[in-house]
Structure formats: structure tokens, C-alpha cells
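Quick notes on the structure that follows.
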Amino acid sequence: MLLKGPGVVVLLLLVCVQCLHGSALSAVSSYEFTAYRMQQYNLAQQKHGCRGAIVVAEARSADEPVLTRRCVIMKVQDFTTGKYQEALKQNAAAVLILLPKNISSIPQDTVQSFMVSESETLLKETLMPVYVVPEDEQLLYMYDEVKQAAATRTSSIIIRGERSRRLYGLLPGAGEDAPTIVITAHYDSYGLAPWLSYGADSNGSGVTILLELARLFHKLYSSPRTRPPYNLLFSLTGGGKYNFIGTKRWIEENLDHSSLLHDSVAFVLCLDTLANADELYMHVSRPPKPGTPMLSFIQHLEEVVSSRFSWVKVGLVHKKINLVESTVAWEHERYSLRRIPGVTLSHLEDPKSELRGSILDTMSQVDFRKLRRNGIIIAESLAQYMYSLSDQGSPKDVQVFKGQMDFQDSRISSLMTFLTSVPRATQLLDREPTHILLINSLEHEFKRYLQQVHRHNFRQDKRDPDVTFFDQMDQPVVMYRVKPAAFDLFLGGCIAGYLGVVYYAIQNFGCFYTKLKATVKSKHH
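Taking mature numbering (1 follows the signal peptide of the UniProt record, and there is no 0), I'd label the letters of the sequence shown as residues -22 to -1, 1 to 503.
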């Protein structure tokens, strides 16, 4: 039976083994579990993900020489670009990846390798279905049996399987015509399977720092004595993993229909992937000109780092926007296309890094000390710029955010835990109550500290179909144990022989009866 549901895929799994002694499943038992299909979408007329869903195939290990019309079972450490391409080359029926419950137990080099393969897998379209399923005892036993079968060839397994919102709020600065600094981050996650994409570093870290900046600057803006002559506009957008389509629509609406971006915008600060490493890169579309607000902010940031965090590497990365390409690399490029100066802060230098979208991007990838440090760097740099504090001494001597105004470890931890409590893939955020609750909670955080909070729902524009999502599929997944094909042949031969004997006996019943009767009479005589 084939069912449709909110992004979950469930498969039918038949496990065939020769020996059932010590097995996790009895010979007649079944086991049901939930698996998740690789996402499928069209972006800027380019197709991504897997088109296939229905699978009826015998399962094999990735180490097997023949994978044609087989379902390839892999653990995270087995899944490499080479093995995936080999499965495609041999026309494998499907790939099933077992995902450990504890991601932190995976060696870092294995995590890195999987992320690279995952990123490359999502670049193109494939007809071969790809599924991901969280590991459990029964599935691990199944995996071991498949590995053993690769060596013994005595067992087999058969597998069968059949939008975003944006928030913004304002802290009004002193004066009527105060320039505006926009601080933005995208909140959605991305990975091979949307239902397993929690996006801790990318971009739960950016959202966490943005919310902390809103809380801390709210305290400064609450008093007329400490209110700077700048408006602070905070924005959380969806669709960041799909060409920053939420940012694009928000810019278009506000440039054309409101005064938010018609006012003087000093610069836009985009926060993306900030929970790890000792590097902090400032990505720009063109080098900032002397005397511009953005250059002044960048210089203040460099001063804060050199005076307080000298071990952190800071770099300015200039990447021109290629107007021929249909996609952009960083969120600030959406603003740059509309001639609004912007910069993206990230610990990643390469926008195509696999760390920006992986199902392994969980809390285990977050270094809370470095996340807090990066938040302090950004907050102090903004304060140095807005209050012109460089004349009062070194950033090491003039610290605004300390004591009650410091970043709170407990709050950072709770925010990250909350953001990674449910997957935040763009396809899911309008569907389940838990996902809607997440958006409502983010809106509540905005309303606690900001004014003029607005929430807009993203709707697909038929005139400009930037991205098209395809529903995932759900089906019941059941695992059965049966005898292997060799046993079936042997049993079939026995049954055929038995039926042949019965048929022969029936056809010659008269002859047998006469002989039997004669034999009985001779014994009586």
C-alpha cells in the first residue's frame, strides 16, 4: 500500500537469511521502521535530488561487485562519492543509508567525507531513489547480515518502497533621519533528507547570534542616553538554502512597497555558519570604498579581533557576482544586486563548502565557546562603529558587552537546543505543528525586544517559479525473514517429487490395489 504524508518515507523491507539461530528477528516476525527520501526540488530551472521513490530490489552491500537492480545498504562511513557513482553506473535500484543516533561518535574525518559526498549528491538529478534511516538494533543486524552475505552469498535481503516565512523587527535610533543597519540570517536547514536536516552550525548559529544581538542592543536602545544614531533592523528569512529566495522577495517588497529600505541603509550584515573554527571571513561582492560605513565597520571588527582575540584569523573575501549565473553564493549578494552594500560573516571561506548543508550538521558540530566568541566580536564591532568608541581607547579597554550585558552561555545553549529540536528544512515549515511552533517562538523572541515586528508568509509566485518542491512519500516499512533462493529451489524440488509420487500412485491405484489384495490373500493361506 502506498501512502502520502508530510515528507516521511517508509519502506517495505524483506530480509532473507539462511540461518536464523541467534537472529534479532524470528523466522515469522516483521519489523516496521521509518525512512526518509532524499529531497527533490527544482531551482532556477535546474533539477536536484532523486526523482525515483518506488523500490523492489534485493539488497546488497556497497562492497559487492554487482549492484545492478540491487538496493545498496550503506553506513555513513560507507557512503562516498565513488561508491555512490558506482551505484549509479551499475543502475542500482536504490541506496539506503543508515544514520547513527549519536553523530558525535563518528570520527571527524568520516563526517567531513560524508558531508562532501552528500553535497555532491545533491548537485544533480538522479532517478535512483536514495533513502536515509536512523540506525537501530534491528537495522544494524540487517546491515551485518548483508555484509556477511557479500562473503558467503547464502543470504539476501529484499527492499520495497513505494514554505517559508520571514520575520523582521526594528530598534529605532536617535534622530529622525537615522541611517539603518540591517542584521539578517536565514533560519532554514538543508541536507540529503529534509526530515533529518537540523542545521546546527548552518544556520542555527547565525540565528542564535542574531537573537542575542537583539536582546543586548534592546537594553542599549531602551534608554535615550545610550540610544545610538542608527536604526537596527533585524531580519530572519526562509529559503536561504534555495538561492536566498526569501531574502529576494523581502527586498523586492520593501524596495517597492515600504520605506524600510528606502531610508538610508548604512550596510547589511549577514550572519551565516558561525559556530566553529578560529577563522572569521568577511565576504563582499566588491571591495568597500574608503569612507564608507561598511569599510569603517570592517576596520572596527579587525581591531576588536586583533586586540582581544589575536588567535582568530580574519580575512576579507571579495567575490564578484556573475550575472550570468542563476544562483548566488551568499545572502549579501541579494542586497548587492539592488545596490545595497552588504557583507556576510562566516567561518567558512568557500561558499560551496559541504558544511553549509548536511544531515550530519547537528549539535555535535557546534563549539559553544567559539559561537559565543564570534557573537562578542560582532556585538563589540557594531558598538565600536555606532558609538564611535575608537577615540576612547583600544577595544580591549573599552568593552560594552560585559557583566549583565554579556552573552549568556545558558541562553546560547538553550537557543541552539531549541533551534535543533526539529528539522527546519524549507519544505517542512508550513506543515507540522512543531514546525509552526518554532516560527511562532521566533516571532515571540522578536516581539520581546524589537518594535514594528512583522511576519510575512512566502507564497510561490507563478510568474517567477524560482524553486519548486516535490512532496516526499510515506509508506509502511516492514522487514520479514524468509529462506534464501537456494532453499526455495530445494524445497520446490521436494514438493515436486512428492506430488509426482502421489500422481503416479493415483494413476496406478488399480494395479497397486490388486497386488496388495493378492499379497494379503497369500499370507492368509
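Here a beta-carbon is modelled for each residue, glycine too, at the ideal position from N, C-alpha and C.
A contact between stretches requires three or more CB pairs, one per stretch, nearer than 8 Å, and the stretch 162 to 174 meets this requirement with the stretch 322 to 336.
Annotated three-state conformation of THR59 is helix, per DSSP. When secondary structure is reduced to three states using DSSP, LYS330 falls in the coil class, being assigned neither helix nor strand. Under the three-state reduction of DSSP output, LYS79 falls in the coil class, being neither helix nor strand. At a Cβ-Cβ threshold of 8 Å, LEU100 and HIS164 do not count as neighbours. Per DSSP, GLU309 lies in no beta strand (DSSP E) and is assigned neither H nor E. Judged by beta-carbon spacing, TYR220 lies within the 8 Å limit of VAL445, meaning their Cβ atoms are closer than that value. Just so you know, the alpha carbons of PHE195 and GLU123 end up roughly 58 Å apart.
Per DSSP, GLU96 is one residue of the alpha helix (DSSP H) stretching across 86 to 99.
One Cα belongs to VAL282, the other to LEU258, and the distance between them is close to 12 Å. If you look at LYS53, you'll find it in the beta strand (DSSP E) that goes 48 to 53.
DSSP, read as helix, strand or coil, puts PHE448 in coil. Contact annotation: the stretch 52 to 62 touches the stretch 87 to 107, with at least three C-beta pairs closer than 8 Å.
The C-beta separation of VAL344 from GLU358 comes to about 21 Å, leaving the pair out of contact by the 8 Å criterion. Restricting attention to MET272, SER372, ASN69, the CA atom closest to the CA of PRO157 is found in MET272. As the crow flies, the alpha-carbon of LEU249 is around 49 Å from that of ALA127. Cβ neighbours of ILE390 within its own chain (closer than 8 Å, five residues either side excluded): THR186, GLU190, PHE346, LEU349, ARG350, GLY353. Annotation: the continuous alpha helix (DSSP H) that includes ASN418 extends over 411 to 427.
Fully enclosed alpha helix (DSSP H) runs of no fewer than 4 residues occupy 346 to 364 of the stretch 324 to 390, in order along the chain. In this structure, ARG312 lies away from GLY216, with their beta-carbon atoms at least 8 Å apart. Closest by C-alpha distance to GLN116, out of ILE81, LEU76, PHE57, is LEU76. Distance between TYR121 and SER39, taken at the CA atoms: about 8 Å.
Secondary structure at THR251: coil, using DSSP grouped into helix, strand and coil. The three-state secondary structure of THR12, taken from DSSP, is coil. If you draw a straight line from the Cα of SER263 to the Cα of VAL34, it is about 49 Å long.
The beta carbons of VAL321 and PHE245 sit closer together than 8 Å. Classified as exposed, LYS374 has fewer than 16 neighbouring CB atoms from the shown chains inside 10 Å of its CB. Judged by DSSP secondary structure, GLU280 falls outside any beta strand (DSSP E) and instead within the alpha helix (DSSP H) spanning 271 to 286.
A direct Cα-to-Cα measurement between ALA474 and GLN485 gives close to 16 Å. Beta-bridge pairing by DSSP links MET260 to LEU294, LEU323.
If you compare the alpha carbons of THR46, VAL73, ILE161 with that of VAL54, the shortest gap goes to VAL73. Just so you know, the alpha carbons of PRO329 and GLY470 end up roughly 60 Å apart. Look at THR398 here: in three-state DSSP terms it is coil, with no helix or strand label. Under the three-state reduction of DSSP, LEU239 is assigned to coil, being neither helix nor strand. Note: PHE245 is bridge-paired with ILE159 in the DSSP secondary-structure output.
Taking the C-beta atoms as reference points, TYR208 is found no nearer than 8 Å to HIS278.
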